[in-house]
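Read through the structure below, which is laid out as structure tokens, and then see the notes.
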Amino acid sequence: MIKTWLALVDVQPADWVAVGSVKDWWQLNACSFSQSRRALISLMMLISWEIWKERNARVFRNTAVPVGVIVAKIKEEASMWCLAGAKILSNVMP
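When we follow this note's numbering, the leftmost residue of the sequence shown carries the number 38, and every step to the right adds one.
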């Protein structure tokens, strides 16, 4: 789903291992040194951050934006991270 939302080319969900929770996923991937795993971790941090900000907007400001807008924000933020020097993330972004 993430690959489709963000139109990512190099993300290969078929290679992923199924886990029971986000915590388990982080523990599984935290020690990985491969560039693709590190890029995926950066991307998941970015996505989590944007979802968290949207959650706060809904709870504290009683505002909500459509999913498409959130996806656009994620893409924009990812581009900004790449421009700021996130070289590993830029390897998986279109």
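Backbone N, C-alpha and C fix where the C-beta goes; we use that ideal spot for every residue, glycine too.
Does DSSP put residue i in a helix, a strand or coil?
{"i": "Met130", "result": "coil"}
{"i": "Asn93", "result": "helix"}
{"i": "Ala123", "result": "coil"}
{"i": "Val102", "result": "coil"}
Please report whether the beta-carbon of residue i lies at a distance below 8 Å from any beta-carbon of chain D.
{"i": "Asp61", "result": "Absence of chain D from the displayed structure is noted, only one protein chain being present."}
With a cut-off of 8 Å on the beta carbons, I'd call residue i and residue j a contact; round off their distance for me.
{"i": "Leu77", "j": "Trp118", "result": "That pair is no contact at about 14 Å."}
{"i": "Val79", "j": "Leu126", "result": "The amino acid at residue 79 is misidentified as Val; the sequence shows Ser. Contact holds; Cβ gap of about 4 Å."}
{"i": "Val129", "j": "Ser73", "result": "7 Å"}
What are the uninterrupted segments assigned as alpha helix (DSSP H) that are 4 or more residues long and contained completely in the region 54 to 85, given in chain order? 59 to 66
Are the region 106 to 116 and the region 72 to 90 in contact at 8 Å, needing three or more beta carbon pairs? yes
Decide if the region 114 to 131 is in contact with the region 53 to 65; the criterion is three or more beta carbon pairs, one per stretch, under 8 Å apart. no
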